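Residues 39 to 178, numbered by the numbering used here, are exactly what the sequence shown covers, in order.
To start, the structure under review is shown below, and the notes come after it.
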Amino acid sequence: MKIINRNNFISIVCVSFTLIVCGKLLYEKMIGFKDNNYTANIFMCLGISVLAVAILSLHYHLQHLPFVSVVIGQYLLLIGLVFAGVWISGHFTDNAPSAYRDMFVSVTVPYVVGAVVYYVSFFLQIRRANEIFLGLDSRE
């Protein structure tokens, strides 16, 4: 089953981006953090949201592989691309000494939440399809 497709990709990115930015802003307000690079960080959130949703959407093409391998591989691909981006940006601007740790935490937490939501939705749809296919639909 394909949960993320061409028709809903932008919608999923927009919802993910909105939730991540709202969470970021609430957290920063609670701890009293002043973001000097506000605009750049918002665009970084958008880019990572697009990347994370694109990587999760690859699941449809990787269903023939073991589930745990796919989940771990997707996460490693995302974090590897994010770290590569931090490394490349370090050649053009000054990164904070804790840039890799900060990005690790900032990407891992929302991605894990998003992946859990994605895979729970996926397995619920599979269960529902099996119930319909086997004639076990309890709503009849």
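Glycine included, each C-beta is placed from N, C-alpha and C at the ideal position.
Source: prediction; values computed, not measured.
Query	Result
Does DSSP put N79 in a helix, in a strand, or in coil?	helix
Mind the definition here: the segment 70-78 touches the segment 162-171 only if three or more C-beta pairs lie below 8 Å; say whether that holds.	no
Since I86 and V120 should fall inside the 8 Å C-beta cutoff, what is the C-beta to C-beta distance between them, to a whole number of angstroms?	7 Å
Helix, strand or coil for R44, going by three-state DSSP, please let me know.	coil
Tell me the rounded alpha-carbon separation between Y149 and I69.	22 Å
Going along the chain, which residues of its own chain have a beta-carbon closer than 7 Å to the beta-carbon of D132, five neighbours each way excluded?	none
For the alpha helix (DSSP H) that S159 lies in, which residues bound it at each end?	137-171
For V106 and S159, what's the separation of their Cα atoms in angstroms?	17 Å
Am I right that V108 and L100 are in contact with their C-beta atoms under 8 Å? What's the rounded C-beta distance?	5 Å
With a 10 Å radius around its C-beta and 16 neighbouring C-beta atoms as the bar for buried, classify S95 as buried or exposed.	buried
In three-state DSSP terms, what is G123?	helix
Could you tell me the alpha carbon to alpha carbon distance between S144 and G118, rounded to whole angstroms?	14 Å
From I183 to H129, what distance separates their C-alpha atoms?	Here the chain has residues from 39 to 178 only, and residue 183 is not among them.
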